[in-house]
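For reference, the structure discussed in these notes is given below.
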Amino acid sequence: MSLCESCSAIRIQLLPDVVDSRKADDPPPSGILHSTTTQLLRRSETCPLCAIIRASFNRVGAFHRRATDVTRYLRDTPPSPVLLRAGRGDGQKTPNGGANIDSIEVLVDYVKDRMRGRFHLWADCGHPAISSGDIVERPLLCDGSSLKPSDLARKWLDTCTTEHAACRLDFRGLDVEAATSGSSALLKTHLIHIFNLDRQDGSNDPNSRLLRSRLIRPDSNFQAKYATLSHCWGPPEQRPRSTTQANLAQRLNEIPWGELPQTFRDAILLCADIGIRYLWIDSLCIVQDSATDVQTQMAVMGEIYAEACLNIAASSAHDSSQGLFGVRGPLVTADMPYHHPTLDGDTSETNTPVSAYIEPELDANLNSAPLSSRGWVLQESFLSRRVLHFTKDGLLWTCQNTDRPSLRHRTSEFGGSRTVLFQNEWQNLVVRYSRCALSYNSDKLHAIRGLETLFSERDGKPYSRGLCLASDASVADLLWFGEERLVRDVEGVESWSWASTTGPISFKSAVFDESTTPNATCREEADGRLCIDGHAKEVGDMRGPLSCQAFCYEDLQDMDFSGRIHDDYRAGSIQVAPTFLLLAEGGARVGWGVFDEHERPMERVWCLALLHQRVWEGFGNSKEQWFVWCLLLQECDEDGNDWKRVGWAIVLEPGWIGVSDPAKPNFRHLILL
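Spelled out as structure tokens, the structure:
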């Protein structure tokens, strides 16, 4: 399709780079493309550049919120001109007078700053716009003649290994690149050795190489750098041929190239291109039908990823057959006119178009990529010091080159660098992990065992069953809850651990304050039982489920579907889990609770007090100034020794459970299974 009349007349060298604050009666500024947004909408149906401009609007309104329906905003906005302005590489023109344009910003309603968008420009290195300095040169991977993925990967890796001191350190703060002996973790695994890297015919095409690979068992003298691969296994019919006891001997000699899926081949080619001779892939380096090998390597998997010089992430591939490069989608571009003097110095101009494109939102796309939903990948991405992400929209690099452990350095093939938030606290990791998928529920704790091990080493605290069981944190960690209905379907995991359930969870510690004080102590036994000393009392009766929750004693008395709380919740402004009113033996209301599986059990239920906290600000005039965080328990035997968790509760009448009574009438020793 050809450009519309307005787009054909664009002179990028003449675009303004500053739009001053203006009043409504000021004359319109230069750089107006369309007189109204309606005109832009209409022409975007046939003009490819108008379509790019229309798609570039990613923020709307004075506070620049994320746009969800750009077409509606463009259609409904008051008549306003569409304005283009130049985004210059360093804010200024080049010394020789070049426009030095990196991107084009789009504005709608320059008085009220109603909408904004941005698209970028690109031209190959021989284009007049580059030689004149009018456009900032930026090689793109989509242009195969200027840059290859391995070129960019090698550049990033070389820069990181030589200039980033923080990236030499693993999660524990150890300089793993200064090690003088082989890693103890590698002594327990295999590595893929990539050999015979010579070109067959002098060609630069990596596919022309006769590459071979085999499994090796590193010894104590092994010090070579190696990479790891993170990938989705996919459905059973798409899973790669794993290493087994039957084919291990063959693979120690050579791994047949024909048995490798495309993702594994691409990873081997990439490693060869950037000078890495060893690679670790879970399905090849773990003997999958050997329970001993699986258990041994699960225990050191965290160290394997932490000590690797690079993690290669097949982020957008749903299975290992799709490869690193095959998932890449085309970059949508449109020609944008570039007028420049003729080479013979004539005053006339020729039009040699440059390419306009919208830079993908790689960070957001990475978070929604198939690999990000895989449970095993949490510890792989968390512990890896450097990650090279292959996504459908582009190549991303993430490393530790920041001065804060809660941040990561990130850059992409489109240029520029930034810091991104990095969750490095245990509870935040667990919350994220609970939203990931696992092929087998039995892997629930195995997939984060490496994290538990390294967190324990770093913090000097025990981490077990997905919780920190140090004396100063264990009681608080027990107060996890489901963001939605949980299913307790993970066998072999104790009920007090969130890992016994499937579903997204969070922790109540997010609302704790300086007044929050423990009322119980606990310790874990070797067999996984949790011994708790605290106040426990049987609930007399329950009413529910209700659709509201009380925040103070007075609200508790109002939970009868006729008071203000129910009216507030009736509007649907706040969604809560099915809540049950907890009654004392005489029928007095003492608190409310939520069951993990959202169903009231048939057996008797007890409240176990864990912590008490001052009533939140705004309820300071309440009769009861404190409330108690509790677990809901059920007996597992008639002797009352063994118990299991079934939910959590808030007791708004602390005197009922007796946490403040010096006589401790309800103090008990319980064992949670």
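In terms of the UniProt record's numbering, the sequence shown opens at residue 1 and continues consecutively. Glycine included, C-beta positions come from ideal geometry on N, C-alpha and C. It should be emphasised that the depicted structure is a prediction, and the values quoted were computed from it without experimental measurement.
Proximity to residue i [Cα-Cα], best of the options
| i | options | result |
| --- | --- | --- |
| leucine 366 | Gln423, Leu429 and Ser316 | Ser316 |
| glutamine 634 | Gly591, Pro601 and Trp656 | Pro601 |
| glutamate 45 | Thr71, Asn58 and Ser406 | Thr71 |
| tryptophan 480 | Ser464, Ala510 and Pro128 | Ala510 |
| arginine 374 | Asp158, Tyr226 and Ala437 | Ala437 |
| glycine 394 | Cys7, Gly450 and Phe325 | Phe325 |
| phenylalanine 390 | Glu617, Ala308, Pro149 and Val590 | Pro149 |
| proline 607 | Pro360, Val659 and Asp639 | Reading the sequence as shown, one finds cysteine at residue 607 and not proline. It is Val659 whose Cα lies nearest to the Cα of cysteine 607. |
| threonine 502 | Asn621, Cys7 and Val430 | Val430 |
| alanine 493 | Leu74, Cys4, Arg465 and Gln13 | One detail in the question is off: residue 493 reads as valine in this sequence, not alanine. For the residues Leu74, Cys4, Arg465 and Gln13, the minimum Cα distance to valine 493 belongs to Arg465. |
| alanine 308 | Leu157, Val420 and Glu457 | Leu157 |
| glutamine 625 | Gly655, Trp397 and Trp643 | Gly655 |
| aspartate 134 | Asp69, Arg432 and Leu14 | Leu14 |
| leucine 396 | Leu140, Ile101, Ile130 and Ile281 | Leu140 |
| cysteine 552 | Glu617, Ala663, Asp527 and Arg404 | Glu617 |
| tryptophan 498 | Cys7, Asp282, Leu467 and Asp319 | Leu467 |
| threonine 292 | Asn519, Asp219 and Thr189 | Thr189 |
Limits of the beta strand (DSSP E) - the one that residue i falls within
| i | result |
| --- | --- |
| glycine 544 | 541-546 |
| aspartate 102 | 101-108 |
| phenylalanine 264 | Unbroken run through phenylalanine 264 is the alpha helix (DSSP H), 262-274; no beta strand (DSSP E). |
| tyrosine 278 | 278-280 |
| glutamate 524 | 521-524 |
| alanine 86 | 82-88 |
| alanine 227 | 227-230 |
| leucine 33 | 32-34 |
| serine 412 | 407-412 |
| leucine 215 | 212-216 |
Residue i vs residue j beta-carbon contact at 8 Å
| i | j | result |
| --- | --- | --- |
| histidine 339 | arginine 85 | no |
| asparagine 428 | alanine 536 | no |
| glutamine 238 | serine 321 | yes |
| leucine 632 | arginine 529 | no |
| phenylalanine 627 | leucine 454 | no |
| arginine 386 | asparagine 311 | yes |
| tryptophan 592 | alanine 550 | yes |
| tyrosine 305 | serine 384 | yes |
| isoleucine 358 | phenylalanine 57 | no |
| leucine 121 | serine 355 | yes |
| serine 80 | valine 106 | no |
| serine 230 | alanine 314 | yes |
| threonine 517 | histidine 612 | yes |
| leucine 451 | glutamine 379 | yes |
| leucine 556 | arginine 523 | no |
| lysine 623 | cysteine 636 | no |
| leucine 3 | cysteine 47 | yes |
| alanine 334 | leucine 49 | yes |
Per DSSP, the bridge partner or partners of residue i
| i | result |
| --- | --- |
| residue 675 | A question about residue 675 goes unanswered here, because the residues of the chain that appear run from 1 up to 673. |
| aspartate 293 | Aspartate 293 pairs with nothing; no bridge assigned. |
| asparagine 351 | His339 |
| methionine 559 | The partner list for methionine 559 (beta bridge, DSSP) is empty, contrary to what the question assumes. |
| glutamine 613 | Phe627 |
| glutamate 538 | Trp606 |
| lysine 644 | Gln634 |
| proline 16 | DSSP, once it has assigned bridges, lists no residue as partnering proline 16. |
| phenylalanine 507 | Trp480 |
| tryptophan 592 | Leu581 and Ile650 |
| cysteine 531 | Arg523 and Ile671 |
| valine 487 | Thr502 |
| alanine 437 | Arg374 |
| histidine 120 | Ser103 and Tyr357 |
| serine 131 | Beta-bridge pairing links serine 131 to no other residue. |
| tyrosine 73 | In the DSSP output, where bridge partners are listed per residue, tyrosine 73 has none listed. |
| aspartate 175 | Leu169 |
Segment limits, alpha helix (DSSP H) that includes residue i
| i | result |
| --- | --- |
| alanine 51 | 48-56 |
| glycine 450 | 449-459 |
| serine 381 | 377-383 |
| valine 420 | Where valine 420 is concerned, there is no enclosing alpha helix (DSSP H), although the beta strand (DSSP E) it sits in stretches over 417-421. |
| threonine 516 | Where threonine 516 is concerned, there is no enclosing alpha helix (DSSP H), given that its DSSP letter is neither H nor E. |
| residue 676 | Outside the shown range of the chain (1 to 673) lies residue 676, about which nothing can therefore be said. |
| tryptophan 156 | 149-163 |
Integer-rounded CB distance, given that residue j should sit under 8 Å from residue i
| i | j | result |
| --- | --- | --- |
| serine 434 | proline 504 | 5 Å |
| isoleucine 286 | threonine 243 | 7 Å |
| isoleucine 255 | leucine 191 | At roughly 12 Å, the Cβ-Cβ gap does not stay under 8 Å, so isoleucine 255 and leucine 191 are not in contact. |
| arginine 614 | serine 515 | 4 Å |
| lysine 392 | arginine 485 | The Cβ separation is near 33 Å, so there is no contact. |
| alanine 649 | leucine 583 | Incorrect: roughly 12 Å between the Cβ atoms, too far for contact. |
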